[in-house]
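Numbering (this note's numbering), first residue to last: 19 to 415.
For each residue, glycine too, the CB sits at the ideal point set by N, CA and C.
Small disclaimer: the values here were computed from a predicted structure and weren't measured.
What follows is a single structure, written as structure tokens, with notes after it.
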């Protein structure tokens, strides 16, 4: 009988690869014991993965008599992915291997309002240049992942009524990119891919994660049981438009009043500072003022953290995450934003929900979105069921 939690006797090569993706070398006998599969079946599936280049021999273990058994491990260099993080005013591209290690990166100021053709043409041109930079042919590309700064219907890869993206509504992003780079193309909103990038590279041990992007706007990416949770229409995590107590008279760009984004975003803080006679044009100016010791800026950043914490306190009780990761440009203002978040969450959330809760700053930095876009492609392509259904594995094992 297979062990509880093991892939089971019907597991294909994809399930075997999932075990090996932790990077630890294993022998055929160890894999047979872990899966409950016959050794001959394991051998057939190892041969299929070797032929695809997804695993590689790593040497031999110490022998207890007779020929030392060979070991095998995941080969992240087998293929590469291209991830694109397209923001309101920036574009950042990264080529990574199958473990999410960055091989090359490039970025530029690029206005998303230029429209899909201009922005995606830039993405394709510079993406192909990155492949040349790392010396890998387009044939090695597993796929392209793209993050957009607006609502996305993940199944189709089309933006849906994006407020700051003229010309993008309903545009078929995957089809446009595939005409130029004939590989699978996946699209999601920017906060989801940042959440995935942080989880994939920095916090893989946490199965339930909330990633908060606090910048010009405020959004949240949700990782549930190790997977991005998008909701029925892809709108899960839009915490920026949850009402904050005591802010009923503050108008929001969404048309409502009292939204978190209207009182605690970088744009909102910059507006408050300007009203006090302190020049601030946006989030980065707020960060610069806070880091230089401006008391009004620090006070407003701390209060923004409390407002964000008020909304997150309900999410902690409802979702019970293992960790909350705070990222986005406002998080660069120092500890004040996170201190405000912690202050309210630990006051307002249930003791059971916060007993082992960790609240931490993002680790991946500016490349989190591009890495996450690539990770989205990796997780999709290497999904055990999808891998086993591919031509290379249908008749193996």
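Taken through DSSP and simplified to helix, strand or coil, residue 210 comes out as helix. In summary, residue 237 is buried, with 16 or more beta-carbon neighbours lying within 10 Å of its beta-carbon over all protein chains present.
Its Cα nearest to that of residue 240, the residue 217 stands out among 259, 223 and 217. Contact annotation, residue 111 with residue 388: C-beta distance approximately 6 Å; criterion of less than 8 Å satisfied. Inter-residue distance for residue 384 and residue 32 is about 32 Å (C-alpha atoms, whole angstroms). According to DSSP, residue pairing for residue 269 in a beta bridge involves 275.
Residue environment analysis places residue 382 among the buried positions, since at least 16 neighbouring C-beta atoms fall within 10 angstroms of its C-beta. Cβ contact annotation for residue 100 (same chain, cutoff 6 Å, sequence separation greater than five): 113, 145 and 162, in chain order. Following the DSSP letters along the chain, one finds residue 303 inside the alpha helix (DSSP H) bounded by residues 301-309.
By the criterion of at least three beta-carbon pairs nearer than 8 Å, the stretch 178-186 is in contact with the stretch 129-147. When C-alpha distances from residue 346 are compared across 211, 205 and 95, the shortest belongs to 211. One thing to note: residue 324 has its Cβ no nearer than 8 Å to the Cβ of residue 281. Bounds of any alpha helix (DSSP H) do not take in residue 108; it lies within the beta strand (DSSP E) bounded by 108-115.
When the five nearest sequence neighbours on each side are left out, the beta carbons in the same chain lying within less than 7 Å of the beta carbon of residue 367 are those of 331, 334 and 335, in order along the chain.
Taking every protein chain shown into account, the CB of residue 197 has fewer than 16 other CB atoms within 10 angstroms, so this residue is exposed.
By the C-beta criterion, the stretch 87-107 is judged not to be in contact with the stretch 372-382, since fewer than 3 inter-stretch pairs fall below 8 Å. Counting the other CB atoms within 10 Å of its CB gives residue 272 a total below 16, which places it among the exposed residues.
If the five residues before and after residue 154 are omitted, its C-beta is found closer than 6 Å to the C-beta atoms of 98, all from its own chain and listed in chain order. With distances taken between CA atoms, residue 276 lies nearest to 326 out of 326, 192 and 69. Here residue 204 carries a strand assignment [DSSP, helix/strand/coil]. Residue 248 is classed as buried because its beta carbon has at least 16 other beta carbons within 10 Å across all chains shown. By the neighbour-count definition (other C-beta atoms within 10 Å, threshold 16), residue 244 is an exposed residue. Within the DSSP bridge table, the entry for residue 386 names no partner. Residue environment for residue 143: exposed (fewer than 16 other C-beta atoms within 10 angstroms of its C-beta). Where residue 149 is concerned, the enclosing alpha helix (DSSP H) starts and stops at 134-152. Taking residue 123 as reference, the option from 315, 134 and 102 with the minimal CA-CA separation is 102. No Cβ-Cβ contact shorter than 8 Å links residue 291 with residue 316. In the three-state reduction of the DSSP assignment, residue 234 falls in the coil class, being assigned neither a helical nor a strand state.
Taking a contact as a CB-CB distance under 8 Å, the pair residue 348 and residue 233 counts as one, their CB atoms being some 6 Å apart. A straight-line Cα-Cα distance of about 29 Å links residue 151 and residue 405.
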